[in-house]
Structure formats: C-alpha cells, structure tokens
Amino acid sequence: MTTPSFAELDALSTDALREQAFAKAREKRDVAFFWSVFKHLPDAADAASLDGAPHSIGPTVDEAVALWREFEGHDLGEQEPLLRAAFIDYLSR
46 MTTPSFAELD
56 ALSTDALREQ
66 AFAKAREKRD
76 VAFFWSVFKH
86 LPDAADAASL
96 DGAPHSIGPT
106 VDEAVALWRE
116 FEGHDLGEQE
126 PLLRAAFIDY
136 LSR
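For the sequence shown, this note's numbering assigns the number 46 to the initial residue and increments by one for each residue that follows.
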C-alpha cells in the first residue's frame, strides 16, 4: 500500500483526516500521537485525567478516542489548521 501524497491528504476534510489518523494510531496503540493531538485542543485540560500508564495502553487509547468524540462537532477554531497538519504528517509517515 502506498502512502498518500500531501495533495491527496490535504483535499480531505478535517474529520476524514482525523478518522484515518485515529484509526492508524489506534491500530498501532500510539498513545503519544493522541497526547500530541489533545495538547492542541481548545480544552486540553479535560484530557489530563486520562491515565497514561504503560500497563493501561489499550484502555487509554479507547478513552482518548472517546474524549475526541466528545469534541466532535465543536468548533476547533484557530487550532484546526494545526490539527490538520498533525493528521497529515502522521498519515504521511
């Protein structure tokens, strides 16, 4: 499978980018990616309650995805371009 080009990824909506990036990160159990995304959300303080202990990676990823779903449909404001860039970067690797 080939990596999509920047132009292909940039043509997608932010939600489509998020879905693809989250699916990839969830499959890889890449908690660091989720943390990097949540640091840029408008209310990132809400993410601080997630437990990042290594023995709980599975539940942490599930909780991170659930937290993102709470943010879905909310205006990301000036953070949207930064989040889009993070999703595109992650999907390009």
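Don't be surprised by glycine CBs; every beta carbon is placed ideally from N, CA and C. This structure is a prediction, so every number in the text was calculated from the model and none was measured.
Counting only residues of its own chain and dropping the five nearest sequence neighbours on each side, Glu125 has a CB closer than 7 Å to the CB of Thr59.
Ranking His85, Arg71, Leu54 by CA distance to the CA of Gly122 puts His85 first.
Under the three-state reduction of DSSP output, Thr47 falls in the coil class, being neither helix nor strand.
Less than 8 Å separates the beta-carbon of Ser81 from that of Ala131.
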